[in-house]
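Heads up: the structure comes next, in structure tokens.
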Amino acid sequence: MRIALYGATGMIGSRVALEAVSRDHRVTAISRTPSAGVPHGTFARRGDAGDPDDVARIAAEHDVVVSAIGPSRTGVRHQVFLHAIATLAENVGSRRLVVVGGSGSLEIAPGLRLVDAPRFPEAARAEALTQIAAFELLEDKGALLDWVYVSPAPFMAPGERTGHYRVGVNTVFGETISAEDYAVAIVDEIERPRARHDRIAVAY
């Protein structure tokens, strides 16, 4: 499968790239400034997630588009991130769009989102709210776009690849997931879609 990957050098993007390459997929690492820092086995290509024509051209050459772009922790690049997600959503055409998401919009109780919980860290709030806005943007597209938003467990960090995880929908059902197993779940979703026009959550 030909995978166009935006954000391939980040914590999640790099692991998605390596996982996909290990399964013999062809991964194109898209960046405005291609460098030697792209994950091993990928093909570096210049591109801009905020450029409609560029996104459409790249999407047409691939089977699936993955966004592993993330907002800044402080929310300073909030609008840049949302513009990129909106541009991808509007211009990937019939290609499937897989978005690496956040956990802030998951519910910890009926009607209570994780981001609204009293103990949610203030330092992560701006980032979480930006990710929620991206999820809502995709929801607004509905069935007009073949998309899936993948939310990790609340606590995610580099760790061990076990190949095991559980999948939920809109609630927090597990506290942790390694970045490696989150990447496994994303590539599994690319190969065997479990959700369309919706979100899945991944945790142990």
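Numbering (the numbering used here), first residue to last: 10 to 213. Ideal placement from N, C-alpha and C gives every residue a C-beta, glycine not left out. Computed from a predicted model, the values in this text were never measured in an experiment.
- request: Just mark residue 22 as buried or exposed, buried being the case when its beta carbon has 16 or more other beta carbons within 10 Å.
  value: On the sequence shown, residue 22 is found 13 positions in, with the first residue counted as 1. Under a 10 Å Cβ-count criterion, residue 22 is classified as buried, with 16 or more other Cβ atoms of the shown protein chains found around its own Cβ.
message: Rounded to the nearest angstrom, what separates residue 57 and residue 78 at their Cα positions?
response: Looking up residue 57 in the sequence shown gives position 48. Looking up residue 78 in the sequence shown gives position 69. Roughly 11 Å between the two C-alpha positions.
message: List, from N- to C-terminal side, the beta strand (DSSP E) runs of 3 residues or more that fit wholly inside the region 30-98.
response: Unbroken beta strand (DSSP E) runs of no fewer than 3 residues, entirely contained in the region 30-98, are found at 35-40, 52-55 and 73-76, following chain order.
message: Here's the rule I'm using: 16 or more other beta-carbon atoms within 10 Å means buried, otherwise exposed. How should residue 152 be labelled?
response: What you label residue 152 is simply residue 143 of the sequence shown in a count that begins at 1. Under this definition residue 152 is an exposed residue.
- prompt: Going by alpha carbons, who is nearest to residue 183 out of 190, 102, 211 and 142?
  reply: In the sequence shown, counting from the first residue as 1, residue 183 sits at position 174. Distances from the alpha-carbon of residue 183 to those of 190, 102, 211 and 142 put 211 closest.
task: Return the bridge partner residues of residue 158 from the DSSP annotation.
output: On the sequence shown, residue 158 is found 149 positions in, with the first residue counted as 1. By DSSP's assignment, residue 158 forms a beta bridge with 108 and 208.
- request: Please name the residue in 88, 196 and 81 whose C-alpha comes closest to that of residue 132.
  value: Within the sequence shown, residue 132 is the residue found at index 123, counting from 1. Looking at the Cα atoms, 81 is the closest of the given residues.
query: Whole beta strand (DSSP E) runs in the region 144-194 with 3 or more residues, listed along the chain?
result: Scanning the region 144-194 from its first residue to its last, the whole beta strand (DSSP E) runs of 3-plus residues come out as 156-161, 164-166, 175-177 and 185-187.
Member of 93, 191, 163 and 177 whose CA lies at the smallest distance from the CA of residue 25: Position 16 of the sequence shown, counted from the start, is the residue given in the question as residue 25. Out of 93, 191, 163 and 177, 191 has the C-alpha closest to the C-alpha of residue 25.
- prompt: Do you know how far the Cα of residue 54 is from the Cα of residue 118?
  reply: Mapped onto the sequence shown, residue 118 falls at position 109. Mapped onto the sequence shown, residue 54 falls at position 45. Cα to Cα, the separation comes out at about 43 Å.
task: State whether the region 13-20 contacts the region 44-52, with contact taken as three or more CB pairs (one from each stretch) at a distance under 8 Å.
output: Result yes; three or more Cβ-Cβ pairs closer than 8 Å.
task: On a CA-only basis, which of 149, 174, 172 and 185 is nearest residue 166? Give me that one, please.
output: For the purposes of this step, residue 166 is identified with residue 157 of the sequence shown, where counting begins at 1. Comparing C-alpha distances from residue 166 to each of 149, 174, 172 and 185 shows the shortest one belongs to 185.
field: residue 89, buried or exposed, once every other Cβ within 10 Å from all chains shown has been counted against 16
entry: Here residue 89 refers to the residue found at position 80 of the sequence shown. Its Cβ having fewer than 16 others within 10 Å, residue 89 is exposed.
query: Is DSSP giving residue 132 helix, strand or coil here?
result: Along the sequence shown, read from residue 1 onward, the residue named residue 132 stands at position 123. Reduced to three states, the DSSP call for residue 132 is helix.
- prompt: In angstroms, rounded to a whole number, what distance separates the CA positions of residue 114 and residue 199?
  reply: Locating residue 114 in the sequence shown gives position 105, where the first residue counts as 1. Locating residue 199 in the sequence shown gives position 190, where the first residue counts as 1. Distance from the CA of residue 114 to the CA of residue 199, rounded to the nearest whole angstrom, comes to 22 Å.
query: Grouping DSSP H, G and I as helix and E and B as strand, with all else coil, what is residue 201?
result: Here residue 201 refers to the residue found at position 192 of the sequence shown. Residue 201 carries a coil assignment under DSSP once its states are collapsed to helix, strand and coil.
query: DSSP on residue 137, reduced to helix/strand/coil?
result: The count along the sequence shown starts at 1 and reaches residue 137 at position 128. Look at residue 137 here: in three-state DSSP terms it is helix.
message: Quick check: the Cα distance between residue 63 and residue 146, rounded to an integer number of angstroms?
response: The residue given as residue 63 occupies position 54 in the sequence shown. The residue given as residue 146 occupies position 137 in the sequence shown. Taking the straight line joining both Cα atoms gives about 20 Å.
query: Exposed or buried, residue 173, counting other C-beta atoms within 10 Å across all chains shown (16 or more means buried)?
result: Numbered from its first residue, the sequence shown carries residue 173 at position 164. By the beta-carbon neighbour count (other beta carbons within 10 angstroms, threshold 16), residue 173 is exposed.
query: Name the DSSP beta bridge partners of residue 126, please?
result: If you number the sequence shown from 1, residue 126 lands on position 117. Answer is none; residue 126 lacks a bridge partner.
- request: State the DSSP-derived secondary structure class of residue 118, mapped to helix, strand or coil.
  value: Looking up residue 118 in the sequence shown gives position 109. Residue 118: strand per DSSP, three-state reduction.
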